[in-house]
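Per this note's numbering, residue 2 is the first one in the sequence shown, and the count goes up by one each step. A virtual CB, placed ideally from N, CA and C, is assigned to each residue, including glycine.
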Amino acid sequence: MPQRLDDHESRIKSLEDYRIQQERLNGEISKKLSETEVTVLKESGKQQEMTKQLLDHVLKSKSFAQQEFWKLAGIVLGSGGILYFLVETLASK
């Protein structure tokens, strides 16, 4: 019977040691997950900023192109009206 009690004591000790190892491992895993989460959040913020900059650039370029188109259209239409007026004035003389 004493041998069986000694054996029981060693099994309990072994289980306690294993539990301590598992808790340490779980703590390390938790720490790594936290570090990964922080890294992902930082990179996500950078990606959002880059996306915003790209979108702003595209929208400004498109707006600029539209402004230039209407300026050019105004010049062409305005110059056409002036040319018509000159031709009519010269033709009527």
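Rounded separation between residue i and residue j - CA only
{"i": "residue 131", "j": "residue 27", "result": "In the structure as shown, the chain starts at 2 and stops at 94, and residue 131 therefore has no counterpart that could be examined."}
{"i": "residue 60", "j": "residue 35", "result": "37 Å"}
{"i": "residue 51", "j": "residue 62", "result": "16 Å"}
{"i": "residue 89", "j": "residue 73", "result": "24 Å"}
{"i": "residue 70", "j": "residue 58", "result": "18 Å"}
{"i": "residue 49", "j": "residue 30", "result": "28 Å"}
{"i": "residue 42", "j": "residue 23", "result": "28 Å"}
{"i": "residue 84", "j": "residue 56", "result": "42 Å"}
{"i": "residue 86", "j": "residue 92", "result": "10 Å"}
{"i": "residue 18", "j": "residue 32", "result": "21 Å"}
Contact set for residue i: own chain, Cβ-Cβ below 7 Å, skip 5 residues either direction
{"i": "residue 47", "result": "none"}
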